[in-house]
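Undergrad:
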Amino acid sequence: MSLFFKDVFLFFGVMAASLVIFALGFADPSLPMLLFGLPFGVAGLLVALRYPDTALLLLVFLIPLDFFGQLPNFSGSFSVFKLVFPLVLVSFVIGVARGQAHFLAFSASEKAVLWFCLLNVILWPFAVNVPEAQTFIRKLISMALLYLLITRHGIADPTFRQRLTLVVVGSSALSVVIGMFGSSTGQNLFSVFKDDDLARSTGASTVSPNDFAYMMFLPAFLAFAGFLDERRPRRWLWLVASGVIVGGVVMTYSRSAFLAFVAGGVVTLLMVWRRLEGVHWLAIVIGLVVGAVAMPAKYTDRLASLAVLVDQRQTVQELSLVRRANYITVGMRIFKDHPLLGAGPGNFAKLHADPHYQGIPFLYNVPRMPHNLYLQVLTETGLAGMAVFLAAMWFFVRDSRRAMRPARTLAEIAFPAAVMAALLSSFAMGLFLHLFINKSFWLMLAYARISGSLGEEEGKHEPS
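Letter by letter, the sequence shown follows residues 969 to 1432 in my numbering.
#1: Return the first residue and the last residue of the alpha helix (DSSP H) that residue 912 is part of.
#2: Against chain B, does residue 1318 count as a neighbour if the rule is that its beta carbon must be under 9 Å from one of theirs?
#3: Would you report the Cα separation of residue 927 and residue 1238, rounded to the nearest angstrom?
#4: Count the other CB atoms within 10 Å of the CB of residue 1250; is the residue buried (16 or more) or exposed (fewer)?
#5: Throw me the rounded Cβ distance for the residue 1178 and residue 1401 pair, which I believe falls under 8 Å.
#6: What is the rounded straight-line gap between the Cα of residue 1419 and the Cα of residue 1325?
#7: Who are residue 1172's beta bridge partners in DSSP?
#8: Looking only at its own chain, which residues have a Cβ that is under 8 Å from the Cβ of residue 1265, when we skip the five neighbours before and after it?
#9: So, are the CB atoms of residue 1132 and residue 1028 less than 9 Å apart?
#10: I need the DSSP call for residue 1418, collapsed to helix, strand or coil.
#11: Within this structure, are the beta carbons of residue 1174 and residue 1034 separated by less than 9 Å?
#12: Buried or exposed: residue 1318, going by 16 or more other Cβ atoms within 10 Å of its Cβ?
#13: According to DSSP, is residue 1245 helix, strand or coil?
#14: What separation, rounded to the nearest whole angstrom, lies between the Cα atoms of residue 1199 and residue 1379?
#15: Counting only the same chain and skipping the five closest in sequence on each side, list residues whose C-beta sits under 6 Å from that of residue 1189.
#16: Which residue marks the beginning of the alpha helix (DSSP H) containing residue 1213, and which one marks its end?
#17: If residue 924 and residue 1172 are in contact, beta carbons under 8 Å, what's the gap, nearest whole angstrom?
#18: State the CB to CB distance for the pair residue 1337 and residue 1316, rounded to an integer number of angstroms; the pair is presumed to be in contact (CB under 8 Å).
#19: Can you tell me whether residue 1374 is helix, strand or coil according to DSSP?
#20: Buried or exposed for residue 1412, going by 16 or more other Cβ atoms inside 10 Å?
#21: May I have the straight-line CA-CA distance separating residue 1343 from residue 1230, to the nearest angstrom?
#22: Report yes if the CB atom of residue 934 is closer than 9 Å to the CB atom of residue 1191, and no otherwise.
#23: Alpha helix (DSSP H) containing residue 1405: first to last residue?
#24: Taking the CB atoms as reference points, tell me whether residue 1396 and residue 1232 lie closer together than 9 Å.
#25: So, is residue 1282 buried or exposed, given that buried needs 16 or more other C-beta atoms within 10 angstroms?
#26: Taking only the alpha-carbon atoms, compute the straight-line gap between residue 1284 and residue 1382 and give it to the nearest angstrom.
#27: Taking residue 1176 and residue 1161 to be in contact with their CB atoms under 8 Å, please state how far apart those CB atoms are, rounded to whole angstroms.
#28: Near residue 1108, what residues of its chain come up, given a Cβ to Cβ distance below 8 Å and the 5 sequence neighbours on each side ignored?
#29: Residue 1280 to residue 1290, Cα distance in whole Å?
#30: Report the option in 1393, 1052, 1409 and 1408 whose CA atom is closest to the CA atom of residue 1235.
#31: Would you grab the beta carbon distance between residue 1414 and residue 1368 for me? Rounded to a whole angstrom, and I think it's under 8 Å.
#32: Under 9 Å between the Cβ atoms of residue 1270 and residue 1223?
#33: To which residues of the same chain is residue 1332 closer than 7 Å at the C-beta, ignoring the five residues directly before and after it?
#34: Can you tell me whether residue 1170 is buried or exposed, with buried defined as 16 or more other CB within 10 angstroms of its CB?
#35: Please list, in chain order, all residues of the same chain as residue 1064 whose beta carbon is under 7 Å from its beta carbon, the five residues on each side excluded.
#36: In angstroms with no decimal places, state the Cα-to-Cα distance between residue 1055 and residue 1017.
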């Protein structure tokens, strides 16, 4: 069986099994679902041990389709990821020990990330709330290990890189399509998020609309890069996938995602504009016109509401904007008390609920995350953590920029430019979301590292 069909068989086999178990659970909630899921689980675990690279792709496949990675009659902590990921990690360690896999040396960006993770571990016992810090550290380590596995497979195996991009783009487009059918009923069937005015799509994912919109950044840019690469067959399919995924971003009605996505795209476009020809500029103009016409009126109204940020004459203040302003106020109070090393990893939510830092009475004892990546890093790890974190992100940008330089044609620069756009969009989205414990954020960093490694290879082959 070819790698492609093996991947397809595994991915859709798991989804089919999940649907069967879900149907049985809804038909009779008293049924012991473990008995129904056990055969599928055992088979899946054996496949994960035998084909760790394909199992890893399955985990990436389920990121925008996490609804299918959960089972009924179990707590929210039970998921395919927590079952399969340890086996993939064990298989990789065994492969390294046997010489069948290469660990590869850490890059400068990875060393900085490692230092940041170590700083969080060191701060763990000194956190204001140690149990919250412990939970955060566990999640942080799992995210870092996911990054490690993706980069080591992706750098060493060109075939894995191709399959990875197919999975990232394909699963995202599939999630958007499933979500569109769900939201056509006037409600979101997959996420607990509710909005009084809109049926905001989150694809086949259980996350919030803003988080789902962010998930779509990397696949949207990668899909468009696939269309620009003239060496690819059936390029129009990549264009269709890109359009579907961007449509998914629009249907979340996320204003922050719109701003971040456009910012990353525009800055990257300025980096590659010399390689664009007249037909490309025409396509961009047509795309903008079509997008403006097709954009839902409600989304246009939501974007127009952002005028309050720049027009002081606007007196209407939305609750979401008030909450975000309050996160900053609370964060600055926390930072004032813990400027150098922060209040402890994962502690912002608990301190948000503390009347000592919270100035709004009805938010007393209401834990909430900061909706700001940089505010989270600053308040939880202080100036020391912020310095290390920003250094790590700068190294990723530097590596991505270096990967773009050797490219002489649009086809060659399409992939590293797509990664750069996703990277910059992520940094912009960090102003509106706490991304650090987010699989898509670490997947984006993994792509930046893979892109940088490809740039290093190209540089070695350049004539001196």
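A virtual CB, placed ideally from N, CA and C, is assigned to each residue, including glycine.
TA: With the structure as the only source:
#1: Since the first residue shown for the chain is 969 and the last is 1432, residue 912 is missing from the structure and cannot be characterised.
#2: Although the question refers to chain B, the structure presented lacks it and comprises just one protein chain.
#3: Since the first residue of the chain shown is 969 and the last is 1432, residue 927 is not available in this structure.
#4: Around the beta carbon of residue 1250, a 10 Å sphere encloses fewer than 16 other beta carbons of the protein chains shown; the residue is thus reported as exposed.
#5: That belief holds up - the Cβ atoms of residue 1178 and residue 1401 are roughly 6 Å apart, short of 8 Å.
#6: Per the coordinates, the alpha-carbon of residue 1419 lies some 42 Å from the alpha-carbon of residue 1325.
#7: Per DSSP, 1170.
#8: Nothing listed; no residue qualifies.
#9: Yes, these two residues count as a Cβ contact at 9 Å.
#10: In the structure shown, residue 1418 sits in a helix (DSSP, three-state: H, G or I).
#11: Yes, these two residues count as a Cβ contact at 9 Å.
#12: The residue is buried, with at least 16 neighbouring Cβ atoms inside 10 Å.
#13: Residue 1245: coil per DSSP, three-state reduction.
#14: If I take the Cα positions, the gap works out to 7 Å.
#15: Around residue 1189: 1386, 1389 and 1390.
#16: Segment 1203-1218, the alpha helix (DSSP H) holding residue 1213.
#17: The shown model of the chain, from 969 to 1432, leaves out residue 924, and the question about it has no answer.
#18: Taking a contact as a CB-CB distance under 8 Å, the pair residue 1337 and residue 1316 counts as one, their CB atoms being some 6 Å apart.
#19: DSSP, read as helix, strand or coil, puts residue 1374 in coil.
#20: That one is buried.
#21: Residue 1343 and residue 1230: Cα-Cα distance of roughly 22 Å.
#22: Residue numbering for the chain in the displayed model covers 969 to 1432; residue 934 lies beyond these limits and cannot be assessed.
#23: Counting along the chain, no alpha helix (DSSP H) covers residue 1405, and no H or E run does either.
#24: Cβ distance < 9 Å, so residue 1396 and residue 1232 count as in contact.
#25: Its pLDDT being 49, under 50, residue 1282 is placed unreliably by the model, and the measurement read from it follows with that caveat. The residue in question, residue 1282, is exposed, as its Cβ has fewer than 16 Cβ neighbours within 10 Å.
#26: Bear in mind that the predicted position of residue 1284 carries a pLDDT of just 47, short of 50, making it unreliable; the figure below should be weighed with that in mind. Going from the Cα of residue 1284 to the Cα of residue 1382 covers about 42 Å.
#27: So it is a contact: roughly 5 Å between Cβ atoms.
#28: If the five residues before and after residue 1108 are omitted, its C-beta is found closer than 8 Å to the C-beta atoms of 1085, 1088, 1313, 1404 and 1405, all from its own chain and listed in chain order.
#29: Caution applies to residue 1280, whose pLDDT of 48 falls short of 50 and renders its modelled position unreliable; the value that the coordinates give is listed next. The alpha-carbon atoms of residue 1280 and residue 1290 are separated by roughly 15 Å.
#30: Comparing Cα-Cα distances from residue 1235 to each of 1393, 1052, 1409 and 1408, the minimum goes to 1393.
#31: Contact between residue 1414 and residue 1368 is absent: CB atoms are separated by about 12 Å, not below the 8 Å threshold.
#32: Between residue 1270 and residue 1223, the C-beta spacing is below 9 Å.
#33: Around residue 1332: 1321, 1323 and 1326.
#34: When all chains shown are included, residue 1170 counts as buried.
#35: Leaving aside the five residues that flank residue 1064 on each side, the residues in its chain whose CB is nearer than 7 Å to its CB run, in chain order, 1071.
#36: When the Cα atoms are used, residue 1055 and residue 1017 turn out to be separated by approximately 6 Å.
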